[in-house]
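Engineer: Note that the sequence shown ends on residue 472 in UniProt numbering; no numbers are left out. One structure, pasted below without further comment.
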Amino acid sequence: MARHVSCDDIRTRFSHAMSDMYRAEVPQYGTLLKLVADINAQTLYHNAHGQDALTDRGGSELARIEIERHGAIRLGTASELYTIRRVFAVMGMFPVGYYDLAPAGMPVHATAFRPVEDDALSQNPFRVFTSLLRLELIEDEDLRERAAAILERRQIFTDRLLTLLDRFDAEGGLNDEDATAFVIEALETFRWHSHATVDADTYHAFHQAHRLIADVVCFHGPHINHLTPRTLDIDATQQAMPEWGITPKATIEGPPRRDCPILLRQTSFKALEEPIVFPAEHVDESGGEAGEEAGTHTARFGEIEQRGAALTRRGRRLYDQLLAASREATHGLEGEIHQRALAEAFHDFPDDEATLRRKGLAWFDYQLADGARVADPASLPGERDALIEALIEQGVIRARPITYEDFLPVSAAGIFQSNLGESSAQHYATTDSRGDFEAALGVAVEDEFALYEQRSERSLAACLAALGLSRV
Ligand code: OOG
Ligand code: NI
């Protein structure tokens with residue numbers, strides 16, 4: 001039997017193919033890639049510390065920056081979500097985290113498909129924020145039923161892709177020829193379709209209920225709506241965007257600029273108004289397309305992100321608290337003034353690595369320093385935390401923040417909103433719908449905190465074992 005291509009390789013082939021497709025479809029994305037590459041090169045040149053932090057994990061973090069992207073799609077039905085999970089599994093991407101956007105006025109809930117193992121993440125941490133429309137939140141019963149019927153009729157996966165998924169599940173992998181076919185077929189699901197599947201009146205009725213509903217229901221498939229490169233300096237990138245002919249949204253989502261970056265900071269540029277074609281409302285006698293109507297749709301946009309340290313549950317609680325408390329102080333502010341007010345509001349969030357580690361606010365990865373040896377094992381403290389501190393102090397092990405690989409619901413809502421229009425947020429009664437989401441998905445989503453904890457623990461255990469100190 002022919003050898004299987006690794007899931008990591010299929011993911012990389014796919015993310016390159018997707019990037020090429022998106023660049024061809026949305027030329028501004030190509031401009032954004034050049035700008036980010038430019039800023040990253042400058043940042044590395046001017047900031048030896050940045051380079052040090054990125055090269056530390058065997059250079060992997062630096063290598064991955066250039067290919068690192070995340071994208072987003074919006075699905076319409078439970079069965080689409082179920083099948084997309086199988087598609088991503090072929091690429092070594094698994095659902096991590098649950099994001100309920102209803103409290104932020106978006107009728108969707110979501111997960112992020114991404115690699116979870118250290119090796120896979122360092123090869124290519126490609127992620128796709130995948131949301132599912134919550135039809136039950138459409139108040140108008142008639143509209144709700146029409147949406148369900150339209151979605152029921154569409155097939156967003158090619159037959160050949162479905163066959164390849166069965167083969168992957170049966171044989172545990174795909175050979176080279178099948179992997180190539182898989183990338184081509186899977187890409188079809190993410191492609192833009194300029195022909196709407198419904199007439200203009202139907203489109204406008206959904207659009208009126210919520211712009212997101214029109215975007216999900218009225219097209220042949222869940223077009224990729226952005227692909228986001230990772231910048232090492234989001235403030236500089238945001239500032240340079242206008243010179244490159246790109247207009248960013250007014251504020252950067254997420255935590256403020258800090259010495260020790262945490263979580264995720266994001267900004268986007270406005271969605272494009274793109275020409276679309278509505279099919280004829282009534283096909284004329286001759287069956288011709290005389291009634292086709294032209295229109296426009298705004299869905300696809302550009303985004304950049306800067307990633308920092310993953311926070312522990314305690315760190316995340318503090319972040320959520322400070323962000324909520326900052327609302328009043330930052331309300332209505334934009335740009336630098338907004339950043340300054342936000343930084344002020346985050347004054348109580350420690351901003352050095354040692355304190356973040358000692359207070360258990362962020363996750364760290366532990367590595368033995370080159371040629372590390374414990375001079376006098378008997379003198380080391382017995383208690384685990386004290387032992388770790390002593391080993392770090394003696395330069396035997398080094399602790400580095402683990403990069404945050406996930407998303408932030410408040411920021412995601414901000415990104416959705418800036419692209420759908422501020423007026424898009426509606427008030428939805430909040431019900432616990434995680435169970436529904438997981439039932440549709442066919443599995444429970446992985447807990448991101450548990451994943452970070454395992455990675456941290458594994459790296460620490462490996463250090464202690466190598467030093468012969470595993471007894472603690
Ligand atoms: C997804 C928006 C969320 C992010 O980076 O937080 C997102 C969407 O608009 O479909 O991509
Ligand atoms: Ni995004």
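The beta-carbon is built from N, C-alpha and C at its ideal position, and this holds for glycine as well.
Can you give me the C-alpha to C-alpha distance between P242 and P248, rounded to a whole angstrom?
Structural biologist: One-based indexing of the sequence shown puts residue 242 at position 242. One-based indexing of the sequence shown puts residue 248 at position 248. Looking at the two C-alpha atoms, the distance is approximately 8 Å.
Engineer: CA-CA distance, A375 and L467?
Structural biologist: As a first step, residue 375 must be located in the sequence shown, where it is residue number 375. As a first step, residue 467 must be located in the sequence shown, where it is residue number 467. Rounded to the nearest angstrom, the two C-alpha atoms are 11 Å apart.
Engineer: Beta-carbon within less than 7 Å of L263's beta-carbon, same chain only, minus the 5 sequence neighbours each way: which residues are those?
Structural biologist: In the sequence shown, counting from the first residue as 1, residue 263 sits at position 263. Excluding positions up to five away in sequence, the list reads G254, P255, G308, L311, Y319, Y404, L408.
Engineer: Buried or exposed for Q238, please, with buried defined as at least 16 other CB atoms from any protein chain shown within 10 angstroms of its CB.
Structural biologist: Translated into the one-based positions of the sequence shown, residue 238 becomes position 238. Classification for Q238: buried.
Engineer: Apart from the five residues just before and just after F346, which ones in its own chain have a Cβ nearer than 6 Å to its Cβ?
Structural biologist: By 1-based counting over the sequence shown, the position of residue 346 is 346. Excluding sequence neighbours, F346 sits near P256, L322.
Engineer: Residues around ligand 2, please: the condition is that the C-beta lies closer than 6 Å to some non-hydrogen atom of it.
Structural biologist: Qualifying residues, in the order they occur: H70, A72, F129, H226, T228, E303, I415.
Engineer: Measuring CB atoms only, is the segment 227-238 touching the segment 29-42, in the sense that at least three cross pairs come out at less than 8 Å?
Structural biologist: With the cut-off at 8 Å, the segment 227-238 and the segment 29-42 touch.
Engineer: Which residues in the same chain as I10 place their Cβ atom closer than 8 Å to its Cβ, once the five residues preceding and following it in sequence are excluded?
Structural biologist: Numbered from 1 along the sequence shown, position 10 holds the residue referred to as residue 10. Counting only Cβ-Cβ distances below 8 Å, and skipping sequence neighbours, we find V90, M91, G92, L174, A179, F182, V183.
Engineer: Could you check if S411 belongs to the surroundings of ligand 1, using beta carbon to heavy atom distance under 7 Å?
Structural biologist: Here residue 411 refers to the residue found at position 411 of the sequence shown. Yes, Cβ of S411 sits closer than 7 Å to a heavy atom of ligand 1.
Engineer: Please confirm whether any heavy atom of ligand 1 lies closer than 7 Å to the CB of R265.
Structural biologist: Residue 265 sits at position 265 when you count from the first residue of the sequence shown. R265: no, Cβ never under 7 Å from ligand 1.
Engineer: Between D199 and P279, how many whole angstroms is the CB-CB distance? I'm expecting something under 8 Å.
Structural biologist: Residue 199 sits at position 199 when you count from the first residue of the sequence shown. Residue 279 sits at position 279 when you count from the first residue of the sequence shown. Right, their Cβ atoms sit about 6 Å apart.
Engineer: Can you have a look at I337 and say buried or exposed, based on whether 16 or more other CB atoms are within 10 angstroms of its CB?
Structural biologist: By one-based count along the sequence shown, residue 337 stands at place 337. Per the 10 Å Cβ criterion, exposed.
Engineer: So, with DSSP's three-state summary, where would you put A186?
Structural biologist: As a working note, residue 186 is residue 186 in the sequence shown. A186 falls in the helix class under three-state DSSP.
Engineer: Hey, would you say the C-beta of F407 is under 7 Å away from at least one heavy atom of ligand 1?
Structural biologist: As a position in the sequence shown, residue 407 is number 407, starting the count at 1. Yes, ligand 1 has a heavy atom inside 7 Å of this Cβ.
Engineer: If you compare alpha carbons, which of I156, H70, Y366 is closest to F126?
Structural biologist: As a first step, residue 126 must be located in the sequence shown, where it is residue number 126. For the residues I156, H70, Y366, the minimum Cα distance to F126 belongs to H70.
Engineer: Using the three-state DSSP reduction, which class does L44 fall into: helix, strand or coil?
Structural biologist: For the purposes of this step, residue 44 is taken as residue 44 along the sequence shown, with counting starting at 1. Three-state DSSP puts L44 in a helix.
Engineer: Residue range of the alpha helix (DSSP H) that T355 falls in?
Structural biologist: Reading the sequence shown from its first residue, position 355 is the one you call residue 355. T355 -> alpha helix (DSSP H) spans 353-358.
Engineer: In the DSSP assignment, the alpha helix (DSSP H) including G97 goes from what residue to what residue?
Structural biologist: For the purposes of this step, residue 97 is taken as residue 97 along the sequence shown, with counting starting at 1. Taken as a continuous stretch (DSSP letters only), G97 belongs to no alpha helix (DSSP H), being part of the beta strand (DSSP E) at 94-100.
Engineer: Rounding to the nearest angstrom, what Cα-Cα distance links H46 and S411 in this structure?
Structural biologist: Walking along the sequence shown from the start, residue 46 turns up at place 46. Walking along the sequence shown from the start, residue 411 turns up at place 411. Taking the straight line joining both Cα atoms gives about 29 Å.
Engineer: Is L81 near L132, with beta carbons less than 8 Å apart?
Structural biologist: For the purposes of this step, residue 81 is taken as residue 81 along the sequence shown, with counting starting at 1. For the purposes of this step, residue 132 is taken as residue 132 along the sequence shown, with counting starting at 1. Taking 8 Å as the Cβ cut-off, L81 and L132 qualify as a contacting pair.
Engineer: Please classify V5: does DSSP put it in a helix, a strand, or coil?
Structural biologist: The residue labelled residue 5 in the question sits at position 5 within the sequence shown. Strand.
Engineer: I'd like the span of the beta strand (DSSP E) that includes I73, first residue to last.
Structural biologist: Taking the first residue of the sequence shown as 1, we reach residue 73 at position 73. Segment 69-75, the beta strand (DSSP E) holding I73.
Engineer: Taking its Cβ as the centre, do 16 or more other Cβ atoms sit within 10 Å of G58, making it buried, or is it exposed?
Structural biologist: Counted from its first residue, the sequence shown places residue 58 at position 58. In this prediction, G58 scores a pLDDT of 46, lower than 50, which makes its location untrustworthy; the coordinate-derived value is nonetheless stated afterwards. Its Cβ having fewer than 16 others within 10 Å, G58 is exposed.
Engineer: Between S19 and ligand 1, is there a pair consisting of the residue's CB and a ligand heavy atom that are separated by less than 7 Å?
Structural biologist: Counted from its first residue, the sequence shown places residue 19 at position 19. No - ligand 1 has no heavy atom lying nearer than 7 Å to the Cβ of S19.
Engineer: Quick one, which of I67, C7, T130 has its alpha-carbon nearest V445's?
Structural biologist: Here residue 445 refers to the residue found at position 445 when the sequence shown is read from its first residue. The candidate whose alpha carbon is nearest that of V445 is T130.
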